[in-house]
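Student:
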Amino acid sequence: MSLWNIMGDVVEQRIREAQERGDFDGLEGRGRRIEFEDDSMIPEDLRMAYKILRNSGHLPPEIVADREIQRTVDLLAQCSDEKTRCLQMQKLNVLLTKMSAARGRSIELDEAYYDEVVRRVNVGRAKPGRE
Numbered sequence: 001m002s003l004w005n006i007m008g009d010v011v012e013q014r015i016r017e018a019q020e021r022g023d024f025d026g027l028e029g030r031g032r033r034i035e036f037e038d039d040s041m042i043p044e045d046l047r048m049a050y051k052i053l054r055n056s057g058h059l060p061p062e063i064v065a066d067r068e069i070q071r072t073v074d075l076l077a078q079c080s081d082e083k084t085r086c087l088q089m090q091k092l093n094v095l096l097t098k099m100s101a102a103r104g105r106s107i108e109l110d111e112a113y114y115d116e117v118v119r120r121v122n123v124g125r126a127k128p129g130r131e
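Under full-length UniProt numbering, the first residue of the sequence shown is numbered 1, with each subsequent residue one higher.
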């Protein structure tokens with residue numbers, strides 16, 4: 001048994017004892033979800049600005065692009081009209097190209113992702129009795 005396991009056992013035991021004594025009863029925020037904010041990857045001088053933008057509903061362009069791609073994939077999976085399907089595939093191609101360019105990667109690196117999207121769309125499109 002390692003030192004970390006022994007320490008973990010001691011900590012767990014002390015927490016259980018405190019719970020039994022009622023030390024945690026009546027704490028502020030009880031029953032509410034804990035909001036964890038990991039901003040360790042954001043430079044310290046930008047953290048406040050990022051927090052203000054996040055709280056006001058603004059999202060980074062990467063998140064917006066990912067959501068738009070997911071919406072397009074979902075539309076493709078539900079689409080039965082070939083013309084609309086073709087337009088959505090073109091839109092998906094444009095979105096993936098933009099994302100690749102923004103990330104500084106070549107489009108070929110995302111080919112596996114594109115193939116998976118096409119596979120999912122074709123599976124979602126398959127109807128009973130049609131192969």
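Even glycine gets a Cβ: it sits at the ideal position worked out from N, Cα and C.
List in chain order: all unbroken alpha helix (DSSP H) runs of 4+ residues lying wholly within the stretch 14-68.
Tutor: The stretch 14-68 contains these whole alpha helix (DSSP H) runs: 47-55.
Student: Any idea what DSSP makes of ILE6, helix, strand or coil?
Tutor: Reduced to three states, the DSSP call for ILE6 is helix.
Student: Terminal residues of the continuous alpha helix (DSSP H) containing SER100?
Tutor: Where SER100 is concerned, the enclosing alpha helix (DSSP H) stretches over 82-103.
Student: For LEU76 versus GLN90, is the C-beta spacing smaller than 8 Å?
Tutor: No.
Student: Going straight from the alpha carbon of ASP115 to that of PRO61, what length do you get?
Tutor: Distance between the alpha carbons of ASP115 and PRO61 is about 24 Å.
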